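Q: Here it is, the structure in full.
Chains as they are written, first to last, in the UniProt record's numbering: chain G, 1 to 267; chain Y, 1 to 426.
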């Protein structure tokens, strides 16, 4: 399969009234270009899955959406990403409110080495979201309930978060993200370190969260993409090849590379 | 051996003997090195302990003496300065003259030389404490001269004479021994006195206080500066040529001979800024320069060891860079930083050379009260005593070394315990 140059994304990457709009996004790691002119809209209250073979740039693209790439010195992003119409790469934009609005869940569960309660309460505390102790307790309980973890941990809120099982830790991380009440949640392969049962729980959770949040999820599992997402974007060697409704991508893909990937000829 | 008809298994087995022998040899080399190290340690400790333990006991002469108010020209109602300036030495001399009856002036002189020149102060302090003893007869334990002390502790009982004591003197001493007047007791003087020219009056309190004050200055300066530098270099500084040069130079500083820091301190702190010499303040400043690289290097290593996922988690929630560092990275890096700091302080505790350059080698009798009082430190005190010819100073040198080693062991144990206690897993 040769590298396709100046590929024009097939399908429907753009849409009216989207929550997040990426326009001609290119990402460079030093000299090396990782992403080529990606334009993609993410709609309000949808789950969009980003799939593709390893090293195709899907995680890099996801990390552009809340400027987590800023932490890498040699990383350089060009193009525009608009959140509700405002360019998040504008030099006047502060990443702190941006990241409070666009939350992130990482590949490996990474709870703070603190209590379960403090893990959830950390975000609200630094952003001053709770006016009182009672308020904070309420946020913690609500976030844990939404993440489906409340019943499992309500008796040991002050036990260390690192003592939970892998799946519970990941739900704790999701609860921690929800506690800040973001508008968009980015998930970078959230289930890759989990067993099938924990994965099923997280997928269920993602489906529920869709009512209130806009979600972009990077995944290596095509079944997972098919199960949780409404739209699917296929990345290949830094290019966005195809974006379509998930059932269409998995039944009648438009581009031959997409077809090759989902039928397992490479990846 | 490399016969083509042999199978791989046969070839491997043929080489096994040689491989096993090599492994056994290597293990023996390792054990021999460890044994050699342990042997050195045992010899060192054995030597120090065998010489030093006697420093913790001191010979005293128990005698019943009348505090003669008429002779001293004081009464219980006299002013403090009168009591202080009274002639206690004369009182003691008169007492022993009457007691032992020496013949002639030279014999009397050799009698008086058996009693420590500090005996007068002993009586003086007792009278100062309780003036009502004036006119009464009291029993006191008077310090004896270091020659008597050494003879009684080491030679007495094994029939060897002393080159430092005459026949006549030994006769008097034997008389005291027979009447049970001479005995050894715990050497409190060693711990409560400052330095002195007389071994039986010399103590390490001045040096210990000086050491503690110096380390206090060192800690108060080097810990915050070192931690701040480590955090800035590791978390905030841009990674460019300049920070690389800074990093290389910090590593170089850690290897600079310590006497150079002493010269630097002499030139800058004392000559340019006019900090007074021989004080814990200037000592602490110089040791800060020495300790900083250790703290910065270990601090950076501790910060580096914090998993990046914790930083990402905090940043992903919208924590600012500083909040990430202070709420998450620093608490996790603290045990490592504290360990590095304690190791740096232990290094500073044993440092001698740079302090010689800034005048802490001066003979200081008074115990320093604050960081700007002239003082010395334990290792320099050891250096000073080891230079003295008196045998009693030799044992005090070893005694002081034991105290210094004790401090070092305490600090290193604290470092290990702190690391165990604070270490968190994630």
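The beta-carbon is built from N, C-alpha and C at its ideal position, and this holds for glycine as well. Just so you know, these numbers come straight off a predicted model, no measurement behind them.
Going straight from the alpha carbon of residue 139 of chain G to that of residue 247 of chain G, what length do you get?
A: In the first chain, counting from the first residue as 1, residue 139 of chain G sits at position 139. In the first chain, counting from the first residue as 1, residue 247 of chain G sits at position 247. Answer to the nearest angstrom: the Cα atoms are 36 Å apart.
Q: Quick check on residue 127 of chain G - is its C-beta less than 9 Å from some C-beta in chain Y?
A: Your numbering for residue 127 of chain G matches position 127 in the first chain. Taking Cβ atoms only, chain Y reaches closer than 9 Å to residue 127 of chain G, which makes this a yes.
Q: Between residue 69 of chain Y and the rest of its own chain, which residues show a CB-CB distance below 7 Å, the 5 nearest in sequence each way excluded?
A: The residue you call residue 69 of chain Y lines up with position 69 of the second chain. So the list reads 75, 134 and 135, once near-sequence residues are dropped.
Q: If we count the other Cβ atoms within 10 Å of its Cβ and call it buried at 16 or more, is residue 195 of chain Y buried or exposed?
A: Taking the second chain and counting its residues from 1, one reaches residue 195 of chain Y at position 195. Answer is buried; the Cβ neighbour count reaches 16.
Q: Can you list, in chain order, the residues of its chain whose CB lies under 6 Å from that of residue 239 of chain G, leaving out five sequence neighbours each side?
A: If you number the first chain from 1, residue 239 of chain G lands on position 239. Closer than 6 Å at the Cβ level, and outside the excluded window around residue 239 of chain G, lie 7 and 36.
Q: By the three-class DSSP mapping on this structure, what secondary structure does residue 360 of chain Y have?
A: What you label residue 360 of chain Y is simply residue 360 of the second chain in a count that begins at 1. Here residue 360 of chain Y sits in coil by DSSP.
Q: Interface residues of chain G around residue 33 of chain Y at Cβ under 8 Å?
A: As a working note, residue 33 of chain Y is residue 33 in the second chain. Those within 8 Å of residue 33 of chain Y in chain G number zero; the least Cβ separation is about 39 Å.
Q: Quick one: Cα of residue 82 of chain G to Cα of residue 15 of chain G, how far?
A: Indexing the first chain from 1 puts residue 82 of chain G at position 82. Indexing the first chain from 1 puts residue 15 of chain G at position 15. In a straight line, the C-alpha of residue 82 of chain G is about 13 Å away from that of residue 15 of chain G.
Q: Would you identify the three-state DSSP class for residue 369 of chain Y, choosing helix, strand or coil?
A: Start at 1 with the first residue of the second chain, and residue 369 of chain Y comes out as number 369. Note: residue 369 of chain Y maps to coil in three-state DSSP.
Q: Does residue 68 of chain G come within less than 9 Å of chain Y when only Cβ atoms are used?
A: Residue numbering aside, residue 68 of chain G sits at position 68 when the first chain is read from its first letter. Closer than 9 Å to some Cβ of chain Y, the Cβ of residue 68 of chain G qualifies, so yes.
Q: Can you find the residues in the same chain that come closer than 8 Å, C-beta to C-beta, to residue 323 of chain Y, ignoring five residues on each side of it along the sequence?
A: Numbered from 1 along the second chain, position 323 holds the residue referred to as residue 323 of chain Y. For residue 323 of chain Y, where only same-chain residues beyond five positions count, the Cβ hits under 8 Å are 314.
Q: For the beta strand (DSSP E) that residue 141 of chain Y lies in, which residues bound it at each end?
A: Numbered from its first residue, the second chain carries residue 141 of chain Y at position 141. First-last of the beta strand (DSSP E) with residue 141 of chain Y: 137 to 143.
Q: Under the assumption that residue 362 of chain Y contacts residue 381 of chain Y (Cβ atoms under 8 Å), give the Cβ distance between them as a whole number of angstroms.
A: Taking the first residue of the second chain as 1, we reach residue 362 of chain Y at position 362. Taking the first residue of the second chain as 1, we reach residue 381 of chain Y at position 381. Not quite, the Cβ-Cβ distance comes to about 11 Å (not below 8 Å), so this is no contact.
Q: Could you tell me the distance, in whole angstroms, from the CA atom of residue 339 of chain Y to the CA atom of residue 419 of chain Y?
A: The residue labelled residue 339 of chain Y in the question sits at position 339 within the second chain. The residue labelled residue 419 of chain Y in the question sits at position 419 within the second chain. Computed Cα separation, rounded: 7 Å.
Q: At a Cβ threshold of 9 Å, is residue 108 of chain G touching chain Y?
A: Residue numbering aside, residue 108 of chain G sits at position 108 when the first chain is read from its first letter. Chain Y, which has a Cβ nearer than 9 Å to the Cβ of residue 108 of chain G, makes this yes.
Q: Quick check: the segment 255 to 266 of chain Y against the segment 352 to 372 of chain Y, are there 3 or more CB pairs under 8 Å?
A: Yes: at least three Cβ pairs fall under 8 Å.
Q: Can you name the residues of chain G whose CB is closer than 9 Å to the CB of residue 312 of chain Y?
A: Here residue 312 of chain Y refers to the residue found at position 312 of the second chain. 68, 71, 104, 106 and 110, listed in chain order.
Q: Hey, quick one: how far does the alpha helix (DSSP H) through residue 56 of chain G stretch, first residue to last?
A: Sequence index remark: in the first chain, residue 56 of chain G carries index 56 (1-based). No alpha helix (DSSP H) holds residue 56 of chain G; DSSP gives it neither H nor E.
Q: Hey, out of Y:168, Y:346, Y:33 and Y:246, whose CA is closest to residue 233 of chain Y's CA?
A: Residue numbering aside, residue 233 of chain Y sits at position 233 when the second chain is read from its first letter. When each option's Cα is compared against that of residue 233 of chain Y, the closest is Y:246.
Q: Assess, as a yes-or-no matter, whether the segment 158 to 169 of chain G is touched by the segment 184 to 199 of chain G under the definition of 3 or more beta carbon pairs within less than 8 Å.
A: Judged by Cβ distances under 8 Å, the segment 184 to 199 of chain G makes contact with the segment 158 to 169 of chain G, as three or more pairs qualify.
Q: Relative to the C-alpha of residue 287 of chain Y, which candidate in Y:298, Y:277, Y:221 and Y:148 has its C-alpha closest?
A: Start at 1 with the first residue of the second chain, and residue 287 of chain Y comes out as number 287. Considering only alpha carbons, the answer is Y:221.
Q: Excluding the 5 residues flanking residue 1 of chain G on each side, which residues of the same chain have their C-beta closer than 6 Å to its C-beta?
A: For this step, residue 1 of chain G is matched to residue 1 along the first chain. With a pLDDT of 42 at residue 1 of chain G, under the threshold of 50, the modelled position of this residue cannot be trusted, and the question is left open.
Q: Could you tell me the alpha carbon to alpha carbon distance between residue 302 of chain Y and residue 237 of chain Y, rounded to whole angstroms?
A: On the second chain, residue 302 of chain Y is found 302 positions in, with the first residue counted as 1. On the second chain, residue 237 of chain Y is found 237 positions in, with the first residue counted as 1. Taking the straight line from one Cα to the other gives about 17 Å.
Q: Do you know how far the Cα of residue 80 of chain Y is from the Cα of residue 156 of chain Y?
A: Within the second chain, numbered from 1, the residue matching residue 156 of chain Y stands at position 156. Within the second chain, numbered from 1, the residue matching residue 80 of chain Y stands at position 80. Their Cα atoms are separated by approximately 41 Å.
Q: Here's the rule: buried if 16 or more other CB atoms are within 10 angstroms of the residue's CB, otherwise exposed. What is residue 441 of chain Y?
A: This structure gives no information on residue 441 of chain Y, because the portion of chain Y shown stretches from 1 to 426.
Q: Pull up the distance between the alpha-carbon of residue 89 of chain G and that of residue 67 of chain G, whole angstroms please.
A: As a position in the first chain, residue 89 of chain G is number 89, starting the count at 1. As a position in the first chain, residue 67 of chain G is number 67, starting the count at 1. In a straight line, the C-alpha of residue 89 of chain G is about 8 Å away from that of residue 67 of chain G.
Q: Use the C-beta contact count for residue 46 of chain Y: other C-beta atoms within 10 angstroms, 16 or more gives buried, fewer gives exposed.
A: Taking the first residue of the second chain as 1, we reach residue 46 of chain Y at position 46. Flag for residue 46 of chain Y reads exposed.
Q: Output needed in chain order: residues of the segment 239 to 252 of chain Y with a Cβ under 8 Å from some Cβ in chain G.
A: Those would be 239, in chain order.
Q: DSSP beta-bridge partners for residue 75 of chain G?
A: Your numbering for residue 75 of chain G matches position 75 in the first chain. For residue 75 of chain G, which the question treats as bridged, DSSP gives the partners G:29.
Q: Which of helix, strand or coil does DSSP assign to residue 151 of chain G?
A: Within the first chain, numbered from 1, the residue matching residue 151 of chain G stands at position 151. Here residue 151 of chain G sits in helix by DSSP.
Q: For a cutoff of 9 Å on Cβ pairs, would you count residue 196 of chain Y as touching chain G?
A: Along the second chain, one-based indexing puts residue 196 of chain Y at 196. No, residue 196 of chain Y lies away from the interface with chain G (no Cβ there is under 9 Å from its Cβ).
Q: Note down, in chain order, all residues in the segment 296 to 321 of chain Y with a beta-carbon under 7 Å from any beta-carbon belonging to chain G.
A: Within the segment 296 to 321 of chain Y, the residues whose Cβ lies closer than 7 Å to some Cβ of chain G are 309, 310, 312, 313, 315, 316, 317, 318, 319 and 320, listed in chain order.
Q: Determine the direct distance from the alpha carbon of residue 412 of chain Y to that of residue 237 of chain G, and round the result to whole angstroms.
A: Locating residue 237 of chain G in the first chain gives position 237, where the first residue counts as 1. Locating residue 412 of chain Y in the second chain gives position 412, where the first residue counts as 1. For residue 237 of chain G and residue 412 of chain Y, the distance between alpha carbons rounds to 54 Å.
Q: Could you tell me whether any Cβ in chain G is nearer than 9 Å to the Cβ of residue 378 of chain Y?
A: Within the second chain, residue 378 of chain Y is the residue found at index 378, counting from 1. Cβ-Cβ to chain G under 9 Å: no for residue 378 of chain Y.
Q: Could you tell me the alpha carbon to alpha carbon distance between residue 241 of chain G and residue 135 of chain G, rounded to whole angstroms?
A: Sequence index remark: in the first chain, residue 241 of chain G carries index 241 (1-based). Sequence index remark: in the first chain, residue 135 of chain G carries index 135 (1-based). About 46 Å.
Q: So if I threshold CB-CB distances at 8 Å, which residues from the segment 321 to 337 of chain Y count as touching chain G?
A: Per Cβ criterion, the list reads 323, 327, 328 and 332.
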